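What follows is a set of notes on a single structure, which appears directly below.
There are 2 protein chains.
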Amino acid sequence: MAVVVQKFGGTSVADPERIREVADHIARTVRRGDQVVVVVSAMGKETDELLHLASQVSKTRPGREMDMLITAGERKATALLCMALHDLGIPADSFTGSQAGFITDTTHMNAKILEVRADRVRAAVEAGRVAVVGGAQGVSTDHDVTFLGRGGSDTTAVALAEALGGVCELYTDVSGVFTTDPRVVPLARRMSRISFDEMLEMCAAGCPKPAMRAVEFARTHGVDLHVRSAFTWEPGTWITKKESDMEDAIVSGVVGDDSEAKITITGVPDRPGVAAQVFRQLADRGVNVDMIVQNVSEQGRTDISFTLPADGLDETEAATRELALEVGADEVTADGSIAKVSLVGAGMKSNPGVAATVFETLAANDINIEMISTSAIRISVVVAGDECDRAVAVLHTAFGLDAARS
Amino acid sequence: MAVVVQKFGGTSVADPERIREVADHIARTVRRGDQVVVVVSAMGKETDELLHLASQVSKTRPGREMDMLITAGERKATALLCMALHDLGIPADSFTGSQAGFITDTTHMNAKILEVRADRVRAAVEAGRVAVVGGAQGVSTDHDVTFLGRGGSDTTAVALAEALGGVCELYTDVSGVFTTDPRVVPLARRMSRISFDEMLEMCAAGCPKPAMRAVEFARTHGVDLHVRSAFTWEPGTWITKKESDMEDAIVSGVVGDDSEAKITITGVPDRPGVAAQVFRQLADRGVNVDMIVQNVSEQGRTDISFTLPADGLDETEAATRELALEVGADEVTADGSIAKVSLVGAGMKSNPGVAATVFETLAANDINIEMISTSAIRISVVVAGDECDRAVAVLHTAFGLDAARS
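So the protein lines, in turn, are chains A and B.
Residue 753 is where the first sequence starts when you use this note's numbering, and the numbers rise one by one after that.
Residue 753 is where the second sequence starts when you use this note's numbering, and the numbers rise one by one after that.
Shown next as structure tokens:
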């Protein structure tokens, strides 16, 4: 009998009616003969509401207490889902992260899983019961409640699938992984399969689901993931070791991300250690730098550009001005309205013309490229923020990803 | 250094502002030099909201899952209160019932405490930290989350005070225990002291706070209780082993309770075992019978009356009709609009005229007595429901309990 770990996100259990629908789906899986373990997130926007409540009560918000607070959300969802299952005649038991055996480190708000002692969960499914586990939570080696961070429920599901030797289904509000965002490009296609490496590049490029950390965990432990919709229940996208099975696929997907900003330091003295000095100090200030581009120098001076999440732009710009002064650079400019457009595909490795096609396509459409960065299976370009959707669409077409028009 | 256990009810922590006020009060206690352990209930009406949510999701609502759900409420409150304490520079740690060492039996929704292993709580206070414990919760001998039932937070506080050898302060939305309900009798006085026995009789007579179970626990283990207001912070009422310290107090308090109903079985054959048969079967059906009165029989037949919570009247009346038929009684009548008025006082033991004064006072005010029941330190009478408040007021005056008019 196979163990199936099914993870349901907050949207899937947002209200009593949806909880009953999810219970109905789980019941069908059980009656099909599988042993089912369920991981569930907090209902709808509850995590946001709890964070808001904390901000109303306190300015300090220590991590230990934030974790105690936030994990109450998943706890409620597990209990309610179990009740709905009982209503359908399916015996089910809820488990907190601690009860499910998630031992973590002591980093609150973003704890790392050290070990999964899944004995109670295993005993439940072997006794013919559905185990419903609170997502994104565990207990630290100091015996305190911990929260694995946003998107941590995906990681909980993957870790349980690994511990129990099962497959992992991530139910979400999209029906799988698409060649690009279907809201931007109506001809986007759902991929039936994508490799871990490609998925990781797509996550890094800004694809919001599934959570990158869960994909990393799945890749490390070889747990196959199935991303699918909790609204339609139709088969979605498998994320596995195998590379994309789309014929002749050079590029698997195009990801647009307009949540970043760009800072450029011009006239940086071109001597060893300057870049290291700048980025070490930015890292120490907690700035999450994404792309970094440095051109060849002219007359002993060079320009360095980098991208970062737009919501930290003002602070980082001020900090960068100080650093520029220290290293003797000329000027610092910032641009909050940029977009990063990335193409991901394992097929790029053996197709040297991909970058050229990207540049030609954008040029033919009068879209200016501000920065370029590449890896073995990804090309990212920075364009003006208001060109993001158009750049995604023309690249999607250029690489033959558009679905046949019906 | 003394350990003080302070318990705050749901009204006291109903919103962020009130949570900060409670934190401020705790901070004052800490700065006074005491070691403080706090027990907190769920915010405002949250427990009711969780119960409503469960009723929307499920018809079965298994106890194990209800307990997992409901205890999320206290968990939130503990974390938020700790954050507010941190803001005031007071180090504080939240603890679930399980973390605080509350081992219970496996009776969900109404678990009994078997043992309190307060090591973590003790370690926290000895390290100069405030321990904030979720009320009314524990972990069963089967390692499941359990809920101690409504009013269970009071019990949690008393049990912690016992385990840590401290005093117990119950903060609530009234400023102590009164000679009667101040909303009914404006001249009601707050008692400065009342004995466990008297308090238990007042609880049994319908006095809503503190929870009877907590008073029983405190009495068994000799834990002094201090019931006081979380709004005014003024000293309230001490509940201790000692009898009332009010001079010449024959009667300590008068309690009116209009939440009960009355059922009378007339013409019951007066043979041994009939009453036993009736009340055993009612008990088996879960009917919570309060007062039972049986008069002397006439011509081999007698009448039996009993009171019960009014919200179960219809079902119980139907059941009683069946039982009456079985035992060969004449008739069953039910009255949903009665009130029980009780006088409680340790001084009654040595004052045989109390009952007579009660009857005279009610007669002089044209209030008819339908049933009478007494214990060593209590007299209860049943009157018409709409006479409840007037009966309480005239008895309060007759026994000299009215405060001096200002």
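Built from N, CA and C at the ideal position, the CB exists for glycine as well.
What you are looking at is a predicted structure, and each value in this text was computed from that prediction instead of being measured.
Residue contact check for V790 (chain A) against chain B: no CB pair falls below 8 Å. With its beta carbon at least 8 Å from every one in chain A, D871 (chain B) lies outside the interface.
Closest in C-alpha terms to H777 (chain B), from the list B:A794, B:V757, B:E1078, comes B:V757.
Think of a sphere of 9 Å around the beta carbon of R827 (chain B): the chain A residues whose beta carbon falls inside it are M820, L821, T823, A824, R827, V897, in chain order. Judged by beta-carbon spacing, G796 (chain B) lies within the 8 Å limit of G762 (chain B), meaning their Cβ atoms are closer than that value.
Fully enclosed beta strand (DSSP E) runs of no fewer than 3 residues occupy 844-847, 854-856, 865-868, 882-886 of the segment 835-886 of chain A, in order along the chain.
The Cβ of K864 (chain B) sits no closer than 8 Å to any Cβ of chain A. The alpha-carbon separation between A883 (chain B) and H978 (chain A) amounts to approximately 44 Å. Under the Cβ distance rule, V809 (chain B) counts among the residues neighbouring chain A, one pair being separated by less than 8 Å.
DSSP places H978 (chain B) in the strand class (E or B) of the three-state scheme. According to the DSSP assignment, G904 (chain B) belongs to the alpha helix (DSSP H) that extends over 904-916. Contiguous alpha helix (DSSP H) elements confined to the segment 935-1016 of chain A occur at 948-956, 964-973, taking only those with 4 or more residues. The C-alpha of A1076 (chain A) is placed about 47 Å away from the C-alpha of V792 (chain A).
For A888 (chain B) against E826 (chain B), the beta-carbon gap comes to about 7 Å, under 8 Å, which counts as contact. With its beta carbon less than 8 Å from one in chain A, M835 (chain B) belongs to the interface. The criterion of a C-beta distance shorter than 8 Å is not satisfied by V1079 (chain A) and V1006 (chain A). Among the residues of the segment 756-786 of chain B, those with a Cβ less than 9 Å away from any Cβ of chain A are D767, P768, E769, I771, R772, A775, in the order of the chain. Chain order gives no chain B residues near S793 (chain A), where near means a beta carbon separation below 8 Å; the closest approach is about 14 Å.
Residue-level contact by beta carbon fails for E798 (chain B) and chain A, as no gap is shorter than 8 Å. The segment 1059-1078 of chain A makes no contact with the segment 1097-1114 of chain A: fewer than 3 CB pairs, one atom from each, lie closer than 8 Å. In the structure shown, P1061 (chain B) adopts extended strand secondary structure according to DSSP, grouped into three states. Pairwise C-beta distances place the segment 854-874 of chain B out of contact with the segment 806-820 of chain A, as fewer than three of them are shorter than 8 Å. For a cut-off of 8 Å, the C-beta gap from K993 (chain B) to S947 (chain B) is around 7 Å, short enough to register as a contact.
Look at E1050 (chain B) here: in three-state DSSP terms it is strand.
In this structure, the straight-line span from the alpha carbon of D1118 (chain B) to that of T781 (chain B) is close to 51 Å.
Interface residue (Cβ-Cβ distance to chain A less than 8 Å): S1102 (chain B) is not classified as such. Residue state for L922 (chain B) is assigned as strand, using DSSP reduced to three classes.
Rounded to whole angstroms, the separation of the alpha carbons of S905 (chain B) and A1035 (chain B) is 27 Å. The segment 1135-1149 of chain B makes contact with the segment 1087-1102 of chain B; the number of CB pairs closer than 8 Å reaches 3 or more.
In the three-state DSSP reduction, E1083 (chain A) falls in the strand class (E or B). Taking a Cβ-Cβ threshold of 8 Å, none of the residues of chain A is close to R874 (chain B); the smallest such distance is about 15 Å. Distances from the alpha-carbon of T1016 (chain B) to those of B:E878, B:S981, B:D1055 put B:D1055 closest. Per the coordinates, the alpha-carbon of G890 (chain A) lies some 42 Å from the alpha-carbon of Q1046 (chain A). About 19 Å separates the beta carbons of S764 (chain B) and M820 (chain A), which is beyond the 8 Å limit, so they are not a contact pair. Residue burial is scored here from C-beta neighbours: V1144 (chain A) has at least 16 other C-beta atoms within 10 angstroms and is therefore classed as buried. The Cβ atoms of D949 (chain B) and A1098 (chain B) sit closer than 8 Å to each other.
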